[in-house]
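J.: Quick one: the structure is below, and I'll ask about it shortly.
In our numbering, the protein residues as written are 6 to 117.
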């Protein structure tokens with residue numbers, strides 16, 4: 006369960022990092038982008054609290070596959086100069102990752 010929570014945390018952290026990059030060319034409703042970023046931040050804080058529970062002498066480990074995946078997305082955005090089209094691809098990828106996280110969270114909930 007701890008490992009799954011770490012995967013969720015790392016993924017949300019990396020999504021937050023990407024969406025904190027140059028959003029100048031996106032045509033999305035800015036209120037929705039801000040709301041999404043606020044929700045990400047809230048989820049990250051709650052997960053950090055879970056990972057810092059008393060009695061857990063634990064350092065978070067970065068999952069290399071997740072790290073590599075998000076580095077590739079960052080490079081893609083930079084290579085495409087943060088174009089509107091590249092952001093749409095990132096949005097689709099993000100949606101897919103969030104759907105995977107829902108599955109992982111459901112597994113964590115079943116075990117608790």
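Ideal Cβ placement from N, Cα and C applies to all residues, glycine included. Keep in mind it's a predicted model, so treat the numbers as computed, not measured.
I'd like the span of the alpha helix (DSSP H) that includes residue 99, first residue to last.
T.: 89-116
J.: What do you get for residue 18, buried or exposed, if any count of 16 or more other CB atoms within 10 angstroms of its CB means buried?
T.: buried
J.: Do you know whose CA, among 8, 113, 41, lies nearest residue 100's CA?
T.: 41
J.: Is residue 33 helix, strand or coil when you go by DSSP?
T.: coil
J.: Alpha carbon to alpha carbon, how far is residue 9 from residue 110?
T.: 8 Å
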